[in-house]
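Written out below as structure tokens is the structure these notes cover.
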Amino acid sequence: NFTAGVAVSLYIGDQKFLPEEMDVHPAAVLAKVLTRPKSKREECVNCVRALAIMGPNAAPHACVALAKMMRSSDDELKHETVRAIACIGPGAVEGNTSIPQSMARALLEEGEALLRYEVARALTAVGPGAAPGAAVALSQGLQDDDIDVQNQCAKALAVMGRAAAMPPVVDALVKAVQGGSFELKRLAVDALATMGPDVPATAPVLSRLLRVTPRSDPTLRLKVAEALGNYDKKIIRQEQLWLAFAVGDPDERVQEAAKNTLRLAGCQRAQKGSMFLEDPETPDEEEEDAEGGALSALRRTSMESIIVKRVEARANDGRLRTPGSRSGSGLSSRSSSRESNGSSIQAPW
């Protein structure tokens, strides 16, 4: 059964040339070999490799056995197990919390940097389903001794997105944004961008990164301007002054990203630059749009009433004739009036 299970792994992975019904799934056969008390090392390694080839199709049958292999003392077997979990993907954690927990433990306790990196990479492939059991460990991995492990942990958190928006995780990402390496700052901004609506308190931290300094990173400023677009409109309006400064950024990509973010929140004045902001904390667009129609109508009504009053006043003074006075005598009197005054009367319009 073991040999047959390994042999058909390619067919299981491709889902080709298989019978319509199978009494026992080959992945279940291989998982049974892994959970036997005295399985040989070579057999276990071959079983795990075959499960990796089967990919997502092995998920319902092999996850418990793979979680057990993560506790093995054999480094090669653990490497192969992590790779198999990555190949299985999100299905590895459906209805199973043991794999995220075992992966989190390996990320924090394994002495080999390459294995920790592979664990973080596998959690990236598993995605949001692993967040409850592994997100906090990934946030601690942002301070790993190896820079590649740090970066991969940030990528995993970005993939998990809002499922990983927990206070310890957010705090670790903010710390990475403020004091991480060149690449880690960018990746941490990407992670916070995916959590945007759930982490409004991080917006002020990001917006300050839009400030142009001699050593500032234009790509980081671009990512920040784009990331702020994922926050609520109210939060964007609160940070519109910094985005208005970014409209004048030396990098055209940053300028365009800042304008797009401001446009999403309806900040019309800020899109023209910081000099056009009378009061950066006063939302101007949506509120004014709601009142704009009524205000315009009121202004038109006021102007019309002023014109009518002026016309009536001139008519009462005798400087403007009413339409009913146009008769023969009226024409002669108007001619005499022009001759006496030496000037013509002009209507106010």
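Each residue of the sequence shown is one higher than the one before, counting from 1 in UniProt numbering.
Glycine included, each C-beta is placed from N, C-alpha and C at the ideal position.
1. At the level of alpha carbons, what is the spacing between Arg300 and Asn230?
2. Need the endpoints of the alpha helix (DSSP H) that His25 sits in, please.
3. Excluding the 5 residues flanking Leu173 on each side, which residues of the same chain have their C-beta closer than 6 Å to its C-beta?
4. Short of 6 Å in beta carbon distance, which residues of its chain neighbour Ser39, apart from the five on each side in sequence? Order them along the chain.
5. Apart from the five residues just before and just after Ala203, which ones in its own chain have a Cβ nearer than 6 Å to its Cβ?
6. Expressed to the nearest angstrom, what Euclidean distance is found between the alpha-carbon atoms of Leu18 and Cys63?
7. Going by DSSP in three states, Pro214 sits in which element: helix, strand or coil?
8. Considering only the alpha carbon of each residue, which of Pro37, Arg36 and Leu77 lies closest to Ala50?
9. What is the DSSP secondary structure of residue 351, reduced to helix, strand or coil?
10. How many Å lie between Ala294 and Cys267 at the Cα?
11. Val29: which of Val159, Phe2 and Asp171 sits nearest, CA to CA?
12. Given this structure, state the Cα-to-Cα distance separating Ala58 from Ile88, to the nearest angstrom.
13. If you run the structure through DSSP and keep just helix, strand and coil, what is Asp171?
14. Am I right that Ala156 and Leu138 are in contact with their C-beta atoms under 8 Å? What's the rounded C-beta distance?
15. Using a 10 Å radius around the Cβ and a threshold of 16 neighbouring Cβ atoms, would you call Pro200 buried or exposed?
16. Going along the chain, which residues of its own chain have a beta-carbon closer than 8 Å to the beta-carbon of Ala4, five neighbours each way excluded?
17. Looking only at its own chain, which residues have a Cβ that is under 7 Å from the Cβ of Leu123, when we skip the five neighbours before and after it?
18. For Gln178, is the classification buried or exposed, using 16 other Cβ atoms within 10 angstroms of its Cβ as the cut-off for buried?
19. Can you tell me whether Pro100 is buried or exposed, with buried defined as 16 or more other CB within 10 angstroms of its CB?
20. For Leu66 and Cys47, I'd like the C-alpha separation in whole angstroms.
21. Rounded to the nearest angstrom, what separates Ala163 and Ala120 at their Cα positions?
22. Going along the chain, which residues of its own chain have a beta-carbon closer than 8 Å to the beta-carbon of Asp148, five neighbours each way excluded?
23. With distances taken from CA atoms, which of Leu115, Asp145, Cys153 and Asp144 is nearest Gly127?
24. With 16 as the cutoff for other CB atoms within 10 Å, does Glu21 come out buried or exposed?
25. Could you tell me the distance, in whole angstroms, from the CA atom of Val159 to the CA atom of Met166?
26. Would you tell me roughly how many angstroms separate the C-alpha atoms of Gly248 and Asp144, rounded to the nearest one?
27. Helix, strand or coil for Arg75 per DSSP?
28. Taking the alpha-carbon of residue 376 as reference, which of Leu262, Thr261 and Ala246 has the nearest alpha-carbon?
29. Where does Ser39 fall in DSSP's three states?
30. Determine the burial state of Lys259: buried for a count of at least 16 other Cβ atoms within 10 Å of its Cβ, exposed for fewer.
31. Could you pull out every residue in the same chain whose Cβ sits closer than 6 Å to the Cβ of Glu226, ignoring the five residues on either side in sequence?
32. By the three-class DSSP mapping on this structure, what secondary structure does Gln143 have?
33. Roughly how far, in whole angstroms, is the beta-carbon of Lys233 from the beta-carbon of Leu264, given that I think they are within contact range, below 8 Å?
Short version:
1. Low per-residue confidence applies at Arg300: pLDDT is 49, beneath 50, and the placement is therefore not dependable, though the value from the model is reported in the following sentence. Cα to Cα, Arg300 sits roughly 39 Å from Asn230.
2. His25 -> no alpha helix (DSSP H), and no H or E assigned at all.
3. Ala188, Ala191 and Leu192
4. Sequence-distant partners of Ser39 (beyond 5 residues in either direction) whose C-beta falls short of 6 Å from its own C-beta, in its chain, are Val33.
5. Tyr231, Ile235 and Glu239
6. One C-alpha to the other measures close to 22 Å.
7. coil
8. Leu77
9. Look at the range of the chain in this structure, 1 to 349, and you will see that residue 351 is not part of it.
10. Bear in mind that the predicted position of Ala294 carries a pLDDT of just 37, short of 50, making it too unreliable to give a figure here.
11. Phe2
12. 7 Å
13. helix
14. 5 Å
15. exposed
16. Excluding positions up to five away in sequence, the list reads Pro26 and Val29.
17. Met103, Ala130, Ala134, Leu138 and Ala156
18. exposed
19. buried
20. 10 Å
21. Computed Cα separation, rounded: 16 Å.
22. Ala113 and Tyr117
23. Closest option to Gly127, judged by alpha-carbon separation, among Leu115, Asp145, Cys153 and Asp144: Cys153.
24. exposed
25. 14 Å
26. 37 Å
27. For clarity, residue 75 is Asp in the given sequence; the question names Arg instead. In this structure, Asp75 counts as helix in the three-state DSSP scheme.
28. Summary: the structure shown does not reach residue 376, with the chain confined to residues 1 through 349, and so no result is reported for it.
29. When secondary structure is reduced to three states using DSSP, Ser39 falls in the coil class, being assigned neither helix nor strand.
30. buried
31. Ala257
32. coil
33. 7 Å
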